[in-house]
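To keep things clear, I will list the structure first and then write my remarks on it.
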Amino acid sequence: MNTKFEFAIDRGGTFTDVFARCPGGKLRVLKLLSEDPQNYSDAPTEGIRRIIQEETGQHFDRSQQIDNSQIESIRMGTTVATNALLERKGERMALVTNKGFHDILLIGNQARPKIFELDIKRPEVLYSAVVEIDCRVIPAQNGTCELKTTKNYRRIVGTTGEEFFVVKELNIGEVRRSLEDVQRMGINSLAVSLAHSYTVFEHEVEIGKVAKELGFSHISLSHSVMPMVRLVPRGFTACADAYLTPHVKRYVEGFCKGFKNNLQGTRVLFMQSDGGLTPMQNFNGARAILSGPAGGVVGYAKTTWQKETDLPVIGFDMGGTSTDVSRFAGNYEHVHESTTAGVTIQAPQLDVNTVAAGGGSKLFFRSGMFVVGPESAGAHPGPVCYKKGGSLTVTDANLALGRLLPEYFPKIFGKNEDEPLDKDATIEEFEKITNQINIFLGAQGDKEKMTLEEVAMGFVRVANEAMCRPIRALTQAKGYDTAMHALACFGGAGGQHACAIARSLGMSTVFVHKYAGILSAYGMALADVVHEAQEPSAKTFTREEFFYFEERFEHLKQQARIRLTEQGFSEDSIALEPYLHMRYEGTDCAIMIGVDEMSFEAFLNGFLRRYKFEFGFLIEGRPIIVDDIRIRGVGKSFVAEEPSIPRTSGEPKFEKTTKVFFESKYFETKIYKLQNLLAGDKINGPAIVMDQLSTILIEPDCTGVITERVTLGSLLELEREGKSDLNLILSNSVSSDTGL
Numbered sequence: 001m002n003t004k005f006e007f008a009i010d011r012g013g014t015f016t017d018v019f020a021r022c023p024g025g026k027l028r029v030l031k032l033l034s035e036d037p038q039n040y041s042d043a044p045t046e047g048i049r050r051i052i053q054e055e056t057g058q059h060f061d062r063s064q065q066i067d068n069s070q071i072e073s074i075r076m077g078t079t080v081a082t083n084a085l086l087e088r089k090g091e092r093m094a095l096v097t098n099k100g101f102h103d104i105l106l107i108g109n110q111a112r113p114k115i116f117e118l119d120i121k122r123p124e125v126l127y128s129a130v131v132e133i134d135c136r137v138i139p140a141q142n143g144t145c146e147l148k149t150t151k152n153y154r155r156i157v158g159t160t161g162e163e164f165f166v167v168k169e170l171n172i173g174e175v176r177r178s179l180e181d182v183q184r185m186g187i188n189s190l191a192v193s194l195a196h197s198y199t200v201f202e203h204e205v206e207i208g209k210v211a212k213e214l215g216f217s218h219i220s221l222s223h224s225v226m227p228m229v230r231l232v233p234r235g236f237t238a239c240a241d242a243y244l245t246p247h248v249k250r251y252v253e254g255f256c257k258g259f260k261n262n263l264q265g266t267r268v269l270f271m272q273s274d275g276g277l278t279p280m281q282n283f284n285g286a287r288a289i290l291s292g293p294a295g296g297v298v299g300y301a302k303t304t305w306q307k308e309t310d311l312p313v314i315g316f317d318m319g320g321t322s323t324d325v326s327r328f329a330g331n332y333e334h335v336h337e338s339t340t341a342g343v344t345i346q347a348p349q350l351d352v353n354t355v356a357a358g359g360g361s362k363l364f365f366r367s368g369m370f371v372v373g374p375e376s377a378g379a380h381p382g383p384v385c386y387k388k389g390g391s392l393t394v395t396d397a398n399l400a401l402g403r404l405l406p407e408y409f410p411k412i413f414g415k416n417e418d419e420p421l422d423k424d425a426t427i428e429e430f431e432k433i434t435n436q437i438n439i440f441l442g443a444q445g446d447k448e449k450m451t452l453e454e455v456a457m458g459f460v461r462v463a464n465e466a467m468c469r470p471i472r473a474l475t476q477a478k479g480y481d482t483a484m485h486a487l488a489c490f491g492g493a494g495g496q497h498a499c500a501i502a503r504s505l506g507m508s509t510v511f512v513h514k515y516a517g518i519l520s521a522y523g524m525a526l527a528d529v530v531h532e533a534q535e536p537s538a539k540t541f542t543r544e545e546f547f548y549f550e551e552r553f554e555h556l557k558q559q560a561r562i563r564l565t566e567q568g569f570s571e572d573s574i575a576l577e578p579y580l581h582m583r584y585e586g587t588d589c590a591i592m593i594g595v596d597e598m599s600f601e602a603f604l605n606g607f608l609r610r611y612k613f614e615f616g617f618l619i620e621g622r623p624i625i626v627d628d629i630r631i632r633g634v635g636k637s638f639v640a641e642e643p644s645i646p647r648t649s650g651e652p653k654f655e656k657t658t659k660v661f662f663e664s665k666y667f668e669t670k671i672y673k674l675q676n677l678l679a680g681d682k683i684n685g686p687a688i689v690m691d692q693l694s695t696i697l698i699e700p701d702c703t704g705v706i707t708e709r710v711t712l713g714s715l716l717e718l719e720r721e722g723k724s725d726l727n728l729i730l731s732n733s734v735s736s737d738t739g740l
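In UniProt numbering, the protein residues as written are 1 to 740.
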């Protein structure tokens, strides 16, 4: 039994969620605003302070450091890197590249994703200055095409076995003078990205040494950050690392300063974009873009997907600022090149699509249209109902429709954090926008006026459609049938929209976990520690060459094994997953292929099957090239099961009734408390199931049933009348599959 506190924390854009295992095994959960400058400076620290204070009776003043001797571990995911990239608030940095390549990242890949926009705005580059260094290596063209002038150049072999000529040696004096000029500009962070440095990186190493001697605070060498072929995405990735890592490190250092001894003696892990945890000292900007959402993916994957049914699950994470959607079908779906805020990053991350529509998305009426987002009210000042002078949001719309119940929310709003949600203020603002809409309709010759409820419902419908679009992109655009998936709704606002989203997508099963309101934090408690080892390759994939890949796999496995055993994992708890980044020769469409059992046939069949699925054809007779060799080392978290809750055959007791607006009229709606429901309880909609972390709306045509489900505990299944295969599933017990 644990004798110290163990925390898992998700610091989101609007709310910070805390899941804690207290001494003796008691579980605690807490949700607080991510930004409340009048009351505290850092939300995760404040969440830890509150729980320790309430459980031990000790008092910690907010200006006082917390004693971490009673904290065993802290696991955290944060949107700090994501927000810095979106808002362009990272570290000032400079790019160092070859002479003549000054504009290589400005030009990028010339993609025009918004080709029909009349006013196309090119994303800003991350660097503030570019340093061109007159050094160059070129591939050796063996055979008739080799240039005669290259015979006098130094010939070197890269790590991939490819041969190169050094046509211009590095001038250390020139490098020093150029970097000194950058320092005089007040820039202390560098990204070094040279042509072909994925395999020949001696020049990058030398430049890095000079920069270190000059005292640059952060140096990102592209071959070290991500040793993958292609200069443009590798350069973007190095720039993202140099731009974001100092910002991330400052946040981590600031977080540690809230505790005595800077958290020495406490195990601190951060969630990476790939869904794995890493020690605090290894956490960097390039792998932190999806730090927060990744915890939610792990959470629903480990609490929802069942091997017995093998039904793929779509994760629907509706938070305050945005909604993230992902897919899980027994394995985490990763992408190895993604574009965020105009920056292409080469790094393994979960395949998560994001739309700027969440509970805090602002509502507008523009040119006769109902508009939701992309602007967010954030945590401060937040929605109108927070009583801090905020704007109308989706949360206000749900409150106006009676779908949120202020009396069941903690009194943490207002300037002094001691007031409930203010429904009167929300109604007052909706009356203003309703009047504005009716004036517009009257000017158009429409004599019918909209009611306040119809306006609020209109905004909710727009928000629902906006959130359905990325789900279709994740399924239909990749050849999957959306209806053949379950929907896992979580996030603070997910339960309010679960039925409507499922209906729009034709989905028959919806899951809502007991900890849906903080599932990203809970997912971090369930997550495994991950270390990835990767190296570039230029080999043709043949049976004869496969021994080379086996040899390199063993080398990378040893690296990953050493790193994980250093963190306390035994050999039995370490899983090593092999991957090859494969493509047809002459194409630019590389696919990362993973296998359960490593063999030539497994990789070949995996590539051909995946290529045919994604592109619809195969290129017969074309050689297959391997660009990268990768091992994903996973330190498995401890897994244990909690007993299921008791069953009942009686009628569930409701607390009271309230009026809730659905589509065109108000319905008398029963209110239930989740903690009072037992397995076998059946709930006819319309109904609201309240939990301390979230509000679950059961619409008029749905029926909820609490059931038992192995490690899922008890689940609430919603069935739509006339279509008995629609299920919304909500857990009322919790698995202790946590690594806390």
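Each residue gets a CB set at the ideal place from its N, CA and C atoms; glycine is no exception. Note that the coordinates shown come from a computational prediction; the quantities given were computed from them, not determined experimentally.
* **6 Å CB neighbourhood of Glu72 in its chain, flanking five on each side removed** => Excluding sequence positions up to five before and after Glu72, its CB lies within less than 6 Å of the CB of Lys4 and Glu6, all in the same chain and listed in chain order.
* To do: Would you give the residue range spanned by the beta strand (DSSP E) that Phe201 belongs to?
  => Here Phe201 belongs to no beta strand (DSSP E), and DSSP marks it neither H nor E.
* When you compare each of Asn416, Ala679 and Ala288 to Ser338 by their alpha carbons, which one comes out closest? -> Ala288
* Hey, how far is the Cα of Gln346 from the Cα of Ala20? -> It is roughly 34 Å from the alpha-carbon of Gln346 to the alpha-carbon of Ala20.
* Contact check, Asp297 vs Phe328 under 8 Å by CB: the rounded distance? -> Here residue 297 is Val; the residue named in the question, Asp, does not match the sequence. Contact between Val297 and Phe328 holds, since their C-beta atoms are separated by about 7 Å, short of 8 Å.
* To do: Count the other C-beta atoms from every protein chain shown that fall within 10 angstroms of the C-beta of Gly38, then say buried if there are 16 or more, exposed otherwise.
  => Note that residue 38 corresponds to Gln in the displayed sequence, not to Gly. Looking at its Cβ environment, which holds fewer than 16 other Cβ atoms inside 10 Å, Gln38 is exposed.
* How is Asp418 classed by DSSP in three states: helix, strand or coil? -> coil
* Does any residue of chain D bring its CB to less than 8 Å from the CB of Gly586? -> Checking the listed chains, one finds no chain D in this structure; it contains a single protein chain.
* Apart from the five residues on each side of it in sequence, which residues of its chain come closer than 8 Å, Cβ to Cβ, to Tyr548? -> Lys539
* Alpha carbon to alpha carbon, how far is Cys135 from Val225? -> When rounded, the distance between both Cα atoms is 21 Å.
* Length of the line joining the Cα atoms of Ala463 and Asn398 -> 11 Å
* Asked: Lys249 lies in the alpha helix (DSSP H); which residues open and close that run?
  -> Leu231 to Cys256
* Asked: Across which residues does DSSP place Met226 in a beta bridge pair?
  -> None, per the DSSP bridge assignment.
* Give the straight-line distance between the Cα atoms of Thr711 and Gly315, rounded to the nearest whole angstrom. => With a pLDDT of 30 at Thr711, under the threshold of 50, the predicted position of this residue should be treated as unreliable, and no value is reported.
* **Contact set for Glu321: own chain, Cβ-Cβ below 6 Å, skip 5 residues either direction** => Residue 321 is actually Thr in this sequence, not Glu. Hits under 6 Å: Gly13, Thr14, Gly358, Gly360 and Ser376.
* Contact set for Gly414: own chain, Cβ-Cβ below 6 Å, skip 5 residues either direction -> Lys387
* So, do the stretch 302-317 and the stretch 92-102 have three or more beta carbon pairs nearer to each other than 8 Å? -> As far as the Cβ criterion goes, the stretch 302-317 does not touch the stretch 92-102, which means the pair count is below three.
* Asked: Near Asp10, what residues of its chain come up, given a Cβ to Cβ distance below 6 Å and the 5 sequence neighbours on each side ignored?
  -> Asp17, Gly77, Gly292, Gly295, Ser520 and Ala521
* Where Glu614 and Phe607 are concerned, what is the direct C-alpha to C-alpha distance, given to the nearest angstrom? -> Straight across, the Cα-Cα distance linking Glu614 with Phe607 is about 11 Å.
* To do: Could you tell me which of Leu263, His196 and Asn284 sits nearest to Thr79, measuring between CA atoms?
  => Asn284
* May I ask you to report which of helix, strand or coil DSSP gives Cys499? => helix
* **Ala129 and Leu179 closer than 8 Å at C-beta** => no
* **Cut-off 7 Å between Cβ atoms - residues of its own chain near Val455, not counting five sequence neighbours on either side** => Phe430, Ile433, Thr434 and Ile437
* **As assigned by DSSP and simplified to three states, the class of Val639** => Residue placement at Val639 is poorly supported in this model, since its pLDDT is 48, which falls under 50; the coordinates still yield a value, given next. Coil, per DSSP.
* Asked: Run through DSSP, which three-state label would Gln534 get?
  -> Strand.
* Identify which residue in Asp351, Thr323, Gly390 and Thr393 has its Cα closest to the Cα of Gly495. => Among Asp351, Thr323, Gly390 and Thr393, the Cα nearest to that of Gly495 belongs to Thr323.
* Asked: Skipping 5 residues on each side, what residues in its chain have a beta carbon closer than 6 Å to that of Met524?
  -> Ala8, Arg75, Gly77, Met271 and Gly295
* Asked: At what residues does the beta strand (DSSP E) containing Cys468 begin and finish?
  -> Careful: Cys468 lies outside any beta strand (DSSP E), inside the alpha helix (DSSP H) at Leu452 to Thr475.
* Asked: Ile66 to Phe60, Cα distance in whole Å?
  -> 7 Å
* Report back the beta-carbon spacing between Ile156 and Glu206 to the nearest angstrom; my notes put them in contact at under 8 Å. => In fact, because the Cβ distance is near 14 Å, the residues do not count as touching under 8 Å.
* Asked: Quick one: what does DSSP say Phe116 is sitting in, helix, strand or coil?
  -> Looking at Phe116 - three-state DSSP - the assignment turns out to be coil, as it is neither helix nor strand.
* To do: Look at the Cβ atom of Phe661, then the Cβ atom of Pro686, and state whether they are nearer than 8 Å.
  => Taking 8 Å as the cut-off, the Cβ atoms of Phe661 and Pro686 do not count as close.
* Asked: Which value, in whole angstroms, describes the spacing of the CA atoms of Pro381 and Gln64?
  -> 26 Å
* For Phe7, which beta-bridge partners are listed by DSSP? -> Ala20 and Ile74
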